[in-house]
Amino acid sequence: MNKHILIADDDPHIRDVISFALEKAGMQVTQTEDGRQALDTFRHHPTDLLVLDINMPELDGLEVCREIRKFSDVPILFLSSRDDEIDRILGLEIGGDDYVTKPFSPRELVARINVILKRTQQQSKPAVEPPLGTLRYGKLSIQPEQHAAQWDGTALNLTATEFAMLQLFARQPTRVFSRDSIMGNAYDGNVYVSDRTIDSHIRHIRQKFADSGCENVIETVHGVGYKLASCQ
């Protein structure tokens with residue numbers, strides 16, 4: 001089945017360029033021109049991924065993301081005309097999966113969307129081999145086949161990227177992962193993201209665990225990267 005992408009941008013030219021590229025790649029596209037319309041459309045007709053411009057009338061892309069994350073973990077890719085680090089970090093910390101700055105290459109945008117969709121599909125498809133079983137490390141438990149994670153029995157609402165990172169740490173809990181190795185595993189090695197993007201996802205994971213009572217789930221190994229903490 002073709003993937004369905006919802007585009008929200010107040011620039012009709014940008015919407016048409018993205019739509020053409022995605023449709024050429026075999027995807028179905030719905031266009032919306034502001035944040036309010038995007039949110040209402042998604043509530044009534046959920047799609048496989050959202051492309052949200054950060055600066056839109058009615059509701060901006062960040063606010064749309066905040067509202068959607070209250071009831072859905074659908075992948076979200078942000079667009080912005082400003083290469084602003086604060087926007088970039090904020091967008092990822094509220095639940096975005098990736099971030100592209102205008103002007104952008106339509107081919108790169110489609111490639112990034114395909115990587116996100118592939119990762120999401122791999123995490124949700126039925127197992128053809130016996131289930132890998134639950135990963136346990138201290139009070140942390142992860143069910144890879146169910147795309148579910150808990151801390152001390154409390155369910156965690158993780159995005160697809162966050163879950164991929166956490167699962168990577170849990171499979172080798174004593175290993176220190178560099179940002180490059182995290183990028184290669186969590187993003188399937190098919191797309192480049194900045195160190196800031198990796199750091200933002202780590203902060204978001206830490207905050208979700210802190211909200212569940214775990215103050216230190218991922219340790220920073222200065223000059224090297226990150227590793228799973230004791231999880232006790």
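Take UniProt numbering: the final residue in the sequence shown is number 232, and no numbers are missing along the way.
Cβ atoms here follow ideal geometry from the backbone N, Cα and C, with glycine treated the same way.
Close Cβ partners of residue i (< 7 Å) along its chain, the five nearest in sequence each way excluded
i	result
Asp195	Arg179
Ala229	Asn216, Val217, Ile218 and Glu219
Ala25	Val110
Thr161	Asp97, Ala186 and His201
For residue j and residue i, the rounded distance between their alpha carbons
i	j	result
Val29	Thr174	43 Å
Asp73	His201	15 Å
Lys227	Glu63	32 Å
Cys214	Arg119	27 Å
Ala170	Phe177	11 Å
Gly153	Arg112	34 Å
Leu59	Arg82	17 Å
Glu129	Asn55	Residue placement at Glu129 is flagged as unreliable, the pLDDT there being 41, under the threshold of 50; the coordinate-derived value follows with that caveat. C-alpha separation (whole angstroms): 45 Å.
Asn114	Lys70	24 Å
Arg66	Lys208	14 Å
Gly184	Asp11	33 Å
Lys125	Gln146	In this prediction, Lys125 scores a pLDDT of 49, lower than 50, which makes its location untrustworthy; no coordinate-derived value is stated.
Ala164	Glu108	22 Å
His13	Gly61	18 Å
Pro131	Pro57	The predicted model places Pro131 with a pLDDT of 39, which falls under 50 and marks its position as unreliable, so this point remains unresolved.
Residue i vs residue j beta-carbon contact at 8 Å
i	j	result
Lys102	Leu79	yes
Ser19	Gln37	no
His4	Asp53	no
Val51	Ile7	yes
Ile198	Ile218	no
Leu39	Val110	no
Leu140	Ser212	no
Thr159	Gly95	yes
Ile182	Leu168	yes
Tyr99	Leu92	yes
Glu17	Pro106	For the record, residue 17 in the displayed sequence is Val; it is not Glu. Yes; because the gap between Cβ atoms is below 8 Å, this pair is in contact.
Residue i - containing beta strand (DSSP E), residue span
i	result
Ala21	From DSSP, Ala21 is part of no beta strand (DSSP E) but of the alpha helix (DSSP H) over Pro12 to Lys24.
Val51	Leu49 to Asp53
Val64	Run containing Val64: none in the beta strand (DSSP E); it sits in the alpha helix (DSSP H), Gly61 to Ile68.
Val74	That residue, Val74, is in no beta strand (DSSP E); it is neither H nor E in DSSP.
CB contact below 8 Å: residue i versus chain D
i	result
Thr32	Although the question refers to chain D, the structure presented lacks it and comprises just one protein chain.
Residues of its chain near residue i, where Cβ-Cβ distance is below 8 Å and the 5 sequence neighbours each way are ignored
i	result
Arg15	Ile7, Asp9, Gln31 and Glu33
Pro46	Ser72 and Val74
Tyr137	Ala170, Pro173, Leu228 and Cys231
Span of the alpha helix (DSSP H) around residue i
i	result
Phe42	Gly35 to His44
Ile94	Ile94 -> no alpha helix (DSSP H), and no H or E assigned at all.
Close-in-space but distant-in-sequence residues of the same chain around residue i (CB under 6 Å, 5 per side omitted)
i	result
Val224	Val176
Gln150	Ser141
field: Sequence ranges, beta strand (DSSP E) only - wholly within the UniProt DNA-binding region "OmpR/PhoB-type" (132–230), length at least 3
entry: 135–137, 140–143, 148–151, 218–221 and 225–228
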